[in-house]
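Report on one structure; see the data block that follows.
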Amino acid sequence: ARANGFSGEAGRTLAVPGENGALGGAMFGLGDGEGALVLGALSKTLPEGDWHFASAPAEPELAAITLALGGYVFTRYGKKPGKALRFELPAGVDA
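The opening residue of the sequence shown carries number -15 in the numbering used here; numbering runs sequentially from there.
Take a look at the structure:
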């Protein structure tokens, strides 16, 4: 992570390579005490696909809400929908 200049600052995402150079995952910076609210930025910084938390967020309900709100796009007047980003709900969150 350090070799790529990633130090965990709030809202910053670092793509992590997997097998054969494909995307294997991502690291996301929470900064100093930003908490779950900064997770809304994940919807803007992650590429399309299926995602899950490798470790449970401290506030799973708030994490789920901020992810959903961060990915919201108002499309009534012709704006195209956002990218297809699907996140597995953290444990303890009802759909």
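The C-beta atom is built at its ideal place from N, Cα and C for all residues, glycine as well.
If I'm right that residue i touches residue j with Cβ under 8 Å, what's the distance once you round it to whole angstroms?
{"i": "Thr50", "j": "Ala20", "result": "6 Å"}
{"i": "Gly13", "j": "Val0", "result": "Incorrect: roughly 13 Å between the Cβ atoms, too far for contact."}
Tell me which same chain residues have a C-beta within less than 6 Å of the C-beta of residue i, skipping the five on either side of it?
{"i": "Asp34", "result": "Arg70"}
Helix or strand or just coil, what does DSSP make of residue i?
{"i": "Leu(-14)", "result": "Strictly speaking, residue -14 in this sequence is Arg, with Leu absent from that position. Correct three-state label for Arg(-14): helix."}
{"i": "Thr(-3)", "result": "strand"}
{"i": "Leu23", "result": "helix"}
{"i": "Ala47", "result": "helix"}
Whose C-beta lies closer than 7 Å to the C-beta of residue i among residues of the same chain, with five residues either side of it excluded?
{"i": "Phe37", "result": "Pro74"}
Using the Cα positions of residue i and residue j, report the straight-line distance between them to the nearest angstrom.
{"i": "Gly(-8)", "j": "Gly76", "result": "26 Å"}
{"i": "Asn(-12)", "j": "Pro31", "result": "18 Å"}
{"i": "Ala52", "j": "Ala68", "result": "12 Å"}
If the criterion is Cβ atoms closer than 8 Å, does the pair residue i and residue j meet it?
{"i": "Val22", "j": "Gly66", "result": "no"}
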